[in-house]
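In terms of my numbering, the sequence shown opens at residue 12 and continues consecutively.
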Amino acid sequence: MAKNTKSVRRFRLPEFILAALVLFSGIMLGFASGGFVINFNSVGFAALSSLQKGVHAVTGTVTGFFTAIGDLATLKKENEELVEKLKNYEFFQRSNAEIRKENERLRELLAFARRGQHKSYAAQIIGRDPESLYSGITINKGARSGIRKGMPVVAVQNGIMGIVGKVVTVGIGTSLVMPLYDMQCNISSRIQNTRDIGIVSGNGSVDAPLSMRYIRKRSQDDFSVGDIVVTSGENENYMRDVAVGTISKITVLDYDSSLDIELLPVIDFSRLETVLVVDQGIPNDLEPDPADEEVPRW
């Protein structure tokens, strides 16, 4: 039994020493070759990389959030600026369209003014009172511009010159015009085709038709609805052959020897902006333009 114990001790001690030497040699070899250092570096690099990646993700999310807020504010400001520019563009477009229309109206007036036999003054309407019994139209020309009481006032619409009324009050820089539809306005007129003469009067409202009286019943078959009525030129209150209106209705009255005739004015007063005040005492001093040859003289 003792023999066996001794043999076991001899067997384990050398093996233990050998194993310790091998282990010690391996550790020394590992440190000598740098294997353990590399492994530690790899483990540290992996851990640090993961940490940096997480920090970068969080930082990127926060930065992106605040950047998005800044971009949204910038876009909102740019959108407001674009909306304002669009409004300005639309305003200028409307202004240019209005200027072009105004130029066309003025060119048309100038063409008629050049063809007229008398001196005329262009004026803008700056006020009106169509609801009153005495319906006045205020224009921006007065005595300073040569306007006098009693001067006839005409306008051009759709290439046709028509009667507006006459000046009844003159100020220094403005004048009051009694329009054609006023109840106190009476104009000596003729039916253009037949030359029958009568008196055209207003009925006190811009929407009411004009009345023409003193046309004999026996002339009824010589004219019809749609015929034009023009100024007669008598009494020198208005120029001759300027359009007043078109016949819209003819009524035969049993108790009257004259016809009751209604007219529609050739001038649309609701759209009237610019007029010509004519001075029949002064010849026209404007040079004619060959381009105005199609415009009738008056």
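For every residue, glycine included, the Cβ atom is placed at its ideal position computed from N, Cα and C.
Residues sharing a beta bridge with residue i, DSSP
| i | result |
| --- | --- |
| residue 221 | 274 |
| residue 167 | 172 |
| residue 85 | Paired residue(s): none; residue 85 is not in a bridge. |
| residue 136 | 150 |
| residue 28 | Beta-bridge pairing links residue 28 to no other residue. |
| residue 177 | 163, 189 |
| residue 227 | 269 |
From the options, residue whose alpha carbon lies closest to that of residue i
| i | options | result |
| --- | --- | --- |
| residue 216 | 146, 204, 200 | 146 |
| residue 281 | 258, 192, 178 | 192 |
| residue 226 | 157, 208, 285, 233 | 208 |
| residue 247 | 163, 132, 139, 93 | 163 |
| residue 178 | 172, 195, 171, 168 | 195 |
| residue 238 | 274, 213, 210, 198 | 274 |
| residue 271 | 230, 28, 176 | 230 |
| residue 136 | 250, 165, 265, 86 | 165 |
| residue 260 | 244, 290, 223 | 223 |
| residue 285 | 125, 206, 264, 172 | 172 |
| residue 130 | 263, 175, 158 | 158 |
| residue 186 | 151, 92, 264 | 151 |
| residue 288 | 268, 266, 249, 278 | 249 |
| residue 244 | 232, 174, 278 | 174 |
| residue 296 | 134, 128, 153, 138 | 128 |
Residue i, DSSP secondary structure in three states
| i | result |
| --- | --- |
| residue 97 | helix |
| residue 205 | coil |
| residue 159 | coil |
| residue 78 | helix |
| residue 131 | strand |
| residue 46 | With a pLDDT of only 49 at residue 46, under 50, the local geometry of the prediction cannot be trusted, and no value is derived from it. |
| residue 251 | coil |
| residue 310 | Past the boundaries of the shown model lies residue 310; the chain is included only from 12 to 309, so the question cannot be answered. |
| residue 281 | helix |
| residue 54 | Per-residue confidence for residue 54 stands at a pLDDT of 48, beneath the threshold of 50, marking its modelled position as unreliable; the derived number appears in the next sentence. Helix. |
| residue 199 | strand |
| residue 235 | coil |
| residue 269 | strand |
| residue 144 | Because residue 144 sits at a pLDDT of 46, beneath the cut-off of 50, its placement in the model cannot be relied upon, and the point is left open. |
Residue i, enclosing beta strand (DSSP E) - first and last residue
| i | result |
| --- | --- |
| residue 261 | 254 to 263 |
| residue 148 | 148 to 150 |
| residue 293 | 285 to 294 |
| residue 187 | 186 to 190 |
Sequence-distant residues of the same chain with beta carbon closer than 7 Å to residue i, five excluded per side
| i | result |
| --- | --- |
| residue 292 | none |
| residue 155 | 183, 184 |
| residue 144 | Confidence at residue 144 is low in this model, with a pLDDT of 46, below 50, so its placement is unreliable and the value that follows should be read with caution. Taken in chain order, the residues that qualify are 194, 215. |
| residue 241 | 200, 201, 203, 252, 253, 254, 255 |
| residue 140 | 146, 147 |
| residue 189 | 147, 176, 177, 179, 195, 196 |
| residue 233 | 205 |
Proximal residues to residue i (C-beta, below 8 Å), its chain only, five neighbours per side dropped
| i | result |
| --- | --- |
| residue 30 | none |
| residue 221 | 191, 192, 211, 212, 213, 214, 255, 256, 273, 274, 275, 276 |
| residue 28 | none |
| residue 235 | 258, 261 |
Contacts around residue i, its chain only, beta-carbon distance under 6 Å, and the 5 residues preceding and following it disregarded
| i | result |
| --- | --- |
| residue 90 | none |
| residue 160 | 178, 181 |
| residue 262 | 271 |
| residue 83 | none |
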